[in-house]
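Protein sequences, first through last, are from chains Y and H. FYI, in my numbering the residues of the first sequence are 1 to 235. FYI, in my numbering the residues of the second sequence are 1001 to 1235. The beta-carbon is built from N, C-alpha and C at its ideal position, and this holds for glycine as well. Below: the structure, in structure tokens.
Protein chains: 2
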Amino acid sequence: MTVPTPPWRTARKRAKTQLSQDVIVETGLRILVTDGSEALSMRRVAQALDTGPASLYAHVSNKEELLELIFDRVLGEIHLPEPDPAQWQRQLRGYAMEALRILAQYGDVARIAVANVPTGPNALRVGEWMMGLLVGAGMSPREASFAVDRLALYITADAFEGSQHFARMRAAGVTDPGAYMEEFATRIADYYRTLPADRFPHLTGYVEEMTAGDGDARFEFGLDLLITGMEARLR
Amino acid sequence: MTVPTPPWRTARKRAKTQLSQDVIVETGLRILVTDGSEALSMRRVAQALDTGPASLYAHVSNKEELLELIFDRVLGEIHLPEPDPAQWQRQLRGYAMEALRILAQYGDVARIAVANVPTGPNALRVGEWMMGLLVGAGMSPREASFAVDRLALYITADAFEGSQHFARMRAAGVTDPGAYMEEFATRIADYYRTLPADRFPHLTGYVEEMTAGDGDARFEFGLDLLITGMEARLR
DNA sequence: TCTTAGAACGAACAGCGTTCGTCGCAAACA
DNA sequence: TGTTTGCGACGAACGCTGTTCGTTCTAAGA
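Quick look at the structure:
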């Protein structure tokens, strides 16, 4: 039932989706997921929206601001249960694990969080939740705020570290993360074995132990150290 | 007493300092200290050595490799005492504080460490020292290696966060770090106060506590959490 | 209907890391 | 001693980056 547009009718210029901060953020996030953080440039986002890079600056003042917006958008995917101070350790642990899992999906976004005190709506939501949990558990507000700060740093740092590995893997053309990490550990182990045993007795003696454990095991180990430390302060 | 060079004498081409990996690393480090990490580019290093950027690639395969070399050079400045397992907490704490202080001086170098498992000679020296200290204190080699890994991540992450703040300060043209951080805390505090108190009771209620404490206090707090966690594993 | 605010955008700027191909020196070889 | 060869130095360029300037065009308000 469609008919050709009459030629005298001036061609509609805005057939493509209207530019807005939301579609820009969403497009940026999509590029991040599909092609990695090193592919996320203003030009690339503009290209995906079929326009030039200059057009983005009407809705986003910076690449930095764009990344902050994307980061907060990602934080929104973290699910937070009703805080129950009676089992704060379990809830804090669950939050940390989920936050890492989600952040790990989105490559370089974690870098933004390491640098900024996040102030987006979802960052506030998470901060309020953690403060409620820890203060409810009996921690002083000052200690709780420090704990929130340090835990956030730990999570984002680990996510950032992971994203760097992922970027290297992508650059090397490998697609299987397991194989990549295995090869990585093997290379380190082989190198350690070549060291002079008299100057590095521990590094050469405990090669197996030092290269054991995947990223998750290491993350959980550090997380447990932090939570145990918090526990000690509550007693 | 200097006389003009005889014209028939072929002009000495290599009057300027011979290029080598060492002078490149040293030059890069100097730029890092004086002008910050964002000013450290291959072109800039080449310019300082009065040559073109292409000349550097005969001695350094990458910018990444250059940063790794600089990072290890910086690690060399960390002083390590004879390990005494009887007071491992004190020694670990002292090491962490000094490492942070030194890393904080050199801006973005910390970023390299977050991404890599450092394998330079000085990184090995530090790793061996920490392993000896913790295993000597009774920790299992596997736990010790995890602890070393996590502590290194924590230190470099904090240094990286600090360097980002420093870069922002530099970009804003501020020269006094104290004034900058104070202004930063005030801005955050003011923002928190404007939030709706019903949805963010803790953030709005504990504004003072949340913005209190400088970077060092926060670093030491997290460090204590980690060390306390390690202690608990030894008992 | 006319005015005007602001989004869209082409073009350009200054910078980046890296590579290619050439040049010239110095040591190794005949 | 004469010739060859390997390699550091390096000018020029490629393709990319974030960002800005100045212009065009659209759409809403007066």
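Check each residue of the region 1145-1157 of chain H: if its Cβ is closer than 9 Å to any Cβ of chain Y, include it; give the result in chain order. Going along the region 1145-1157 of chain H in chain order, one finds 1145, 1146, 1147, 1148, 1149, 1150, 1151, 1153, 1154, 1156, 1157 with a Cβ nearer than 9 Å to chain Y.
Alpha-carbon to alpha-carbon, residue 203 of chain Y and residue 1021 of chain H: By 1-based counting over the second sequence, the position of residue 1021 of chain H is 21. By 1-based counting over the first sequence, the position of residue 203 of chain Y is 203. Distance between the alpha carbons of residue 1021 of chain H and residue 203 of chain Y: 27 Å.
Please name the residue in Y/158, Y/52, Y/51, Y/105 whose C-alpha comes closest to that of residue 77 of chain Y. Taking the first sequence and counting its residues from 1, one reaches residue 77 of chain Y at position 77. Its Cα nearest to that of residue 77 of chain Y, the residue Y/105 stands out among Y/158, Y/52, Y/51, Y/105.
Less than 8 Å between the CB atoms is what I'm expecting for residue 44 of chain Y and residue 31 of chain Y, so what's the real figure, rounded? In the first sequence, the residue the question calls residue 44 of chain Y occupies position 44. In the first sequence, the residue the question calls residue 31 of chain Y occupies position 31. Confirmed, Cβ separation roughly 6 Å.
When you compare each of H/1049, H/1200, H/1159, H/1070 to residue 1097 of chain H by their alpha carbons, which one comes out closest? In the second sequence, counting from the first residue as 1, residue 1097 of chain H sits at position 97. For residue 1097 of chain H, the nearest C-alpha among the options comes from H/1159.
Is residue 115 of chain Y near the ligand GDP - that is, is its Cβ less than 7 Å away from at least one heavy atom of it? This structure lacks the ligand GDP, and indeed carries no ligand of any kind.
Compute the beta-carbon to beta-carbon distance between residue 28 of chain Y and residue 40 of chain Y, rounded to the nearest angstrom, for a pair I have assumed lies under 8 Å. Indexing the first sequence from 1 puts residue 28 of chain Y at position 28. Indexing the first sequence from 1 puts residue 40 of chain Y at position 40. Correct: roughly 6 Å between the Cβ atoms.
Hey, could you find the ends of the alpha helix (DSSP H) residue 1224 of chain H is sitting in? As a position in the second sequence, residue 1224 of chain H is number 224, starting the count at 1. DSSP places residue 1224 of chain H inside the alpha helix (DSSP H), whose first and last residues are 1215-1234.
Rounded straight-line distance, which links the Cα of residue 1223 of chain H to that of residue 132 of chain Y: Position 132 of the first sequence, counted from the first residue, corresponds to residue 132 of chain Y. Position 223 of the second sequence, counted from the first residue, corresponds to residue 1223 of chain H. Approximately 23 Å, taken between the alpha carbons.
Residue 1152 of chain H: which of Y/161, Y/149, Y/152 sits nearest, CA to CA? Numbered from 1 along the second sequence, position 152 holds the residue referred to as residue 1152 of chain H. Of Y/161, Y/149, Y/152, the residue nearest in Cα terms is Y/161.
At which residues does the alpha helix (DSSP H) containing residue 191 of chain Y begin and terminate? Against the first sequence, residue 191 of chain Y aligns to sequence position 191. 177-193 is the extent of the alpha helix (DSSP H) around residue 191 of chain Y.
Is there contact between the region 1111-1125 of chain H and the region 1069-1076 of chain H, where contact requires at least three CB pairs shorter than 8 Å? The region 1111-1125 of chain H makes contact with the region 1069-1076 of chain H, as at least three CB pairs between them are under 8 Å.
How about residue 119 of chain Y: is its C-beta nearer than 8 Å to some C-beta of chain H? As a working note, residue 119 of chain Y is residue 119 in the first sequence. With 8 Å as the cut-off, residue 119 of chain Y counts as an interface residue toward chain H.
Measure how close the beta-carbons of residue 1164 of chain H and residue 115 of chain Y come, nearest whole angstrom, since I'm counting them as under 8 Å. Within the second sequence, the letter at position 164 stands for residue 1164 of chain H. Within the first sequence, the letter at position 115 stands for residue 115 of chain Y. With a Cβ gap of about 4 Å, residue 1164 of chain H and residue 115 of chain Y count as contacting.
Could you tell me whether any Cβ in chain Y is nearer than 8 Å to the Cβ of residue 1108 of chain H? Reading the second sequence from its first residue, position 108 is the one you call residue 1108 of chain H. Closer than 8 Å to the CB of residue 1108 of chain H there is not a single CB belonging to chain Y.
Residues of chain Y with CB under 7 Å from residue 1210 of chain H, in chain order? Here residue 1210 of chain H is taken as the residue at index 210 of the second sequence, counted from 1. Per Cβ cutoff of 7 Å: 145.
Shorter than 8 Å from the beta carbon of residue 79 of chain Y to some beta carbon of chain H? For the purposes of this step, residue 79 of chain Y is identified with residue 79 of the first sequence, where counting begins at 1. Judged by the 8 Å Cβ criterion, residue 79 of chain Y is not in contact with chain H.
Under a three-way DSSP split, which group does residue 139 of chain Y fall into? Position 139 of the first sequence, counted from the start, is the residue given in the question as residue 139 of chain Y. Here residue 139 of chain Y sits in coil by DSSP.
Measure the alpha-carbon distance for residue 1216 of chain H versus residue 59 of chain Y and round it to whole angstroms. Numbered from 1 along the second sequence, position 216 holds the residue referred to as residue 1216 of chain H. Numbered from 1 along the first sequence, position 59 holds the residue referred to as residue 59 of chain Y. Using only the alpha carbons, I get a separation of about 37 Å.
Within 8 Å, strictly: CB atoms of residue 83 of chain Y and residue 136 of chain Y: As a first step, residue 83 of chain Y is located in the first sequence; it is residue number 83 there, counting from the start. As a first step, residue 136 of chain Y is located in the first sequence; it is residue number 136 there, counting from the start. Yes, the Cβ-Cβ distance between residue 83 of chain Y and residue 136 of chain Y is below 8 Å.
Beta carbons nearer than 7 Å to chain H: which residues of the region 18-45 of chain Y have them? So nothing in the stretch comes that close.
Specify, as a first and last residue, the run of the alpha helix (DSSP H) that residue 1102 of chain H falls within. By 1-based counting over the second sequence, the position of residue 1102 of chain H is 102. For residue 1102 of chain H, the enclosing alpha helix (DSSP H) begins and ends at 1088-1105.
Using a Cβ cut-off of 7 Å, pull out every chain H residue sitting near residue 200 of chain Y, in sequence order please. For the purposes of this step, residue 200 of chain Y is identified with residue 200 of the first sequence, where counting begins at 1. By Cβ distance, chain H contributes 1124, 1128.
When burial is assigned at 16 or more other CB atoms within 10 Å of the CB, is residue 157 of chain Y buried or exposed? Counting from one through the first sequence, the residue named residue 157 of chain Y turns up at place 157. So residue 157 of chain Y ends up on the buried side.
Would you kindly report the start and end of the unbroken alpha helix (DSSP H) that includes residue 1079 of chain H? By 1-based counting over the second sequence, the position of residue 1079 of chain H is 79. Membership of residue 1079 of chain H in any alpha helix (DSSP H) is not indicated, and neither H nor E is assigned to it by DSSP.
For residue 232 of chain Y, decide whether its Cβ has a neighbour in chain H, counting only Cβ atoms nearer than 8 Å. Numbered from 1 along the first sequence, position 232 holds the residue referred to as residue 232 of chain Y. It does: the Cβ of residue 232 of chain Y has a partner Cβ on chain H nearer than 8 Å.
Pick helix, strand or coil for residue 132 of chain Y, following the three-state DSSP scheme. Here residue 132 of chain Y corresponds to residue number 132 of the first sequence, with the count starting at 1. Residue state, collapsed to three classes: helix.
Per-residue DSSP class, three states only, for residue 1198 of chain H: Here residue 1198 of chain H refers to the residue found at position 198 of the second sequence. It is coil, neither helix nor strand.
Who are the Cβ neighbours of residue 1170 of chain H in its own chain at under 6 Å, not counting the five residues just before and after it? Position 170 of the second sequence, counted from the start, is the residue given in the question as residue 1170 of chain H. Excluding five sequence positions before and after residue 1170 of chain H, the CB atoms of its chain that fall closer than 6 Å to its own CB belong to 1036, given in chain order.
So which residues on chain H does residue 160 of chain Y lean against when the C-beta distance must stay under 7 Å? For the purposes of this step, residue 160 of chain Y is taken as residue 160 along the first sequence, with counting starting at 1. Correct list: 1114.
For residue 1091 of chain H, which residues from the same chain have a beta carbon less than 7 Å from its beta carbon, with the 5 sequence-adjacent residues on both sides left out? Taking the first residue of the second sequence as 1, we reach residue 1091 of chain H at position 91. The residues are 1081, 1083, 1084, 1133.
Between the C-alpha atoms of residue 1093 of chain H and residue 1154 of chain H, what's the straight-line distance to the nearest angstrom? Here residue 1093 of chain H refers to the residue found at position 93 of the second sequence. Here residue 1154 of chain H refers to the residue found at position 154 of the second sequence. Looking at the two C-alpha atoms, the distance is approximately 13 Å.
Should the region 206-215 of chain Y be regarded as contacting the region 1189-1198 of chain H, the criterion being three or more beta carbon pairs within less than 8 Å? Taking 8 Å as the limit for Cβ pairs, the verdict is that the region 1189-1198 of chain H does not touch the region 206-215 of chain Y.
Could you tell me whether any Cβ in chain Y is nearer than 8 Å to the Cβ of residue 1090 of chain H? Position 90 of the second sequence, counted from the start, is the residue given in the question as residue 1090 of chain H. Answer no: the Cβ-Cβ gap between residue 1090 of chain H and chain Y never drops below 8 Å.
Residues near residue 1112 of chain H in its chain [Cβ-Cβ closer than 7 Å; skip 5 each side]: Position 112 of the second sequence, counting from 1, holds the residue named residue 1112 of chain H. The answer, listed in chain order, is 1067, 1068, 1071.
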